[in-house]
Every structure is written in C-alpha cells, then in structure tokens.
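Below is one structure; the comments refer to it alone.
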Ligand code: ADP
Ligand code: MG
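In structure tokens:
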C-alpha cells in the first residue's frame, strides 16, 4: 500500500470509531403509538428486504419492540431473519385469508429478543389471485394487524412490512395497513424511474383507502462514494425530497450482501462493519422523526 492508501485506511477507521461512539452516546426515543412502516418500491433488487430487516434489527438493538411482516412470496426477509418459512408453516398467507390470526403466525428471531417476524411462505404467490374474490380484500392485513396490536401482551413500537416488487393486492394491503411508507432508492442508473408511478399509486391509496398514509422516509442505498453517479443520484433525490430523505446513507457493502446467506442481519453478522453502522444511523434518525405531520419538519 502507498502512503496515500495508508492514510485513507487510517481516516476510515477513525471515522468509523467516531460514528460508533456517536451512536453509543445517544438514546433513541420510543414512539407511544405503534409506527407501521411499509417498505416499498415496485422495482426489484433496490434494497427493500435488506433495509427492512436491518433497520428493524437496528431499532430492536436501540430498545424498540419490532415486528417484521414478510409480504413477499419469495420470503427473503424471513430467510434473513433466520425464521422458518416452509410451506406448512403458519404464515402471513393464512392471516390474509382469514384462517389464522397474527398471534398464531408470529415467530421470535434469533437476531434479537425484541425482534419478531410473521413469515411469508411460497403459498403467498397465489394470494394476489385468491384475494380478489374475498370481501374487504384491500383491508385484510390492516384488520388483522389492528386486532393483533390491540391484544398483544408485548407493546410493539414498530411494524415493518416488506413488500414484493409489484403494485398488486399484496402491496395495496401493505399501504392500507401502514401509517408510513419508506422508499429505498438505489444510487444507480434509472434510480428515479418508476418513482412517479409509485407516488401516484400512494396518492390513490390516500384518496380512497387510507387518508392517513404518508411517505415519511426515503433511504439512499447501495451508495458508492467513489462514483459521480451515486453522488448525482443522491443530490437529485435530496432536491426532490428534502425532508423525507435521511441524512444517513447505506453504502454498497459486501458484508450487507453476505449476511442473508447465513440467515443473519448485518448486525448479527458483523456488528462493527460500516454497513451495520449505517443502518444504526438510519434507525436513530427514523426514531428521532415523528410520524405526526404536524410536528415533522416538512409541515
Ligand atoms: P429488494 O428486496 O428490493 O428486491 P434486496 O434487499 O433483496 O432488494 O437487495 C437486492 C440485492 O442487493 C441482494 O442480493 C442484497 O444482498 C444486495 N444488497 C442490498 N443492499 C446492499 C448494499 N447496501 N450493499 C451491497 N449489496 C446490497
Ligand atoms: Mg425483497
């Protein structure tokens, strides 16, 4: 390594230590009312699942009781949280069809004692079609979640819903059940493509099904600080969404992408990694922000 390389590595380590210390020195407030946050973007591979599980785990590590609802038939969130999701397991599919309640489907995680998951199974792949003929087909997750939150002995501070990469009935159920939408945006080409369609759909949901829904949070992911492109995308997103976009940015990191193959979040897999720190920073910021539009900066 050259002297310049050595200097860069040293700077990186000092920076990491400073950021970890800053996190350790702050306590995150816990919301009185459960914040139900849908993580959505109809594009696949933009970091929805990665963001869902790592933010949820980060908030649990910062003192919150957190539930992840896996609403993607692929079950990647269930995998990343090390939760069983074979076809015979009671899952969100049974909940949507009204055959089981959330209490019957919820599982603890090995990631953290305060982090729970309602898994998805492959059965969910057929749910988009099966739901069509059911009454109140858009409200089924909301109804199940409301009764669960009312009756649960554990008070949940956050519920995260991981959406499939489409705008079908599963995603509509997630929007109707939630108070907030978090949109992960990948800092790559075409990052903003499709965003206006997503925002348009959210407007329709607000108008017809859930007036309380708001896009509260945008998180920039897979950020590569060495490329101009990533900086340009980040700048553009911040210009369009100055209050929604978190200051914290999730870098492109090998540790983040490796963790799910061990059935782990990045926090369990490598707590000291830069990816783990970034998700903890994002979680701390989310906790600081109120979901109440009257008290948020943007109002
Ligand atoms: P989605 O749920 O939107 O389809 P994923 O969260 O599954 O997207 O991410 C897509 C792929 O990108 C996965 O292989 C994941 O491990 C990887 N990935 C996500 N975030 C990062 C990151 N910050 N750095 C590196 N790889 C990432
Ligand atoms: Mg996913």
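In the numbering used here, the protein residues as written are 2 to 300.
Where is the CB? At the ideal position from N, CA and C, for every residue including glycine.
- Ranked by Cα distance from residue 244, the options 12, 253, 218 are led by 218.
- Closest in alpha carbon position to residue 35, among 49, 65, 55, is 65.
- Residue 86 places its beta carbon 7 Å or farther from that of residue 109.
- Distance from the Cα of residue 70 is smallest, within the candidate group 139, 138, 250, 146, for 146.
- Ranking 264, 276, 246 by CA distance to the CA of residue 286 puts 246 first.
- The criterion of a C-beta distance shorter than 7 Å is satisfied by residue 40 and residue 183.
- In the DSSP assignment, residue 239 is bridged to no other residue.
- With contacts defined by Cβ atoms closer than 7 Å, residue 179 and residue 142 do not form a contacting pair.
- Residue 248 sits in a strand when the DSSP states are folded into three classes.
- Taking a C-beta distance under 7 Å as the contact criterion, residue 279 and residue 238 do not qualify as a contact pair.
- Here DSSP, grouped into helix, strand and coil, assigns residue 109 to strand.
- DSSP places residue 34 outside both helix and strand once states are collapsed to three, so it counts as coil.
- Pairing residue 38 with residue 67, the inter-Cα distance amounts to about 11 Å.
- In this structure, the beta-carbon distance from residue 200 to residue 59 does not fall below 7 Å.
- The region 160–171 makes contact with the region 121–139: 3 or more CB pairs, one atom from each, lie closer than 8 Å.
- Look at residue 253: its beta carbon is less than 6 Å from one of the heavy atoms in the ligand ADP.
- The nearest non-hydrogen atom of the ligand MG is less than 6 Å from the C-beta of residue 77.
- Sequence-distant Cβ neighbours of residue 97 in its own chain, meaning closer than 6 Å and more than five residues away, are 128, 141.
- With 16 or more neighbouring CB atoms inside 10 Å of its own CB, residue 175 falls in the buried class.
- Only residues of its own chain outside the window of five on either side were considered, and among them 166, 195 have a CB closer than 7 Å to the CB of residue 44, listed in chain order.
- Between residue 220 and residue 102, the alpha-carbon positions lie close to 32 Å from each other.
- Apart from the 5 residues on each side of it in sequence, residue 203 sits with its Cβ closer than 7 Å to the Cβ of 176, 182, 214, 216 in its chain, given in chain order.
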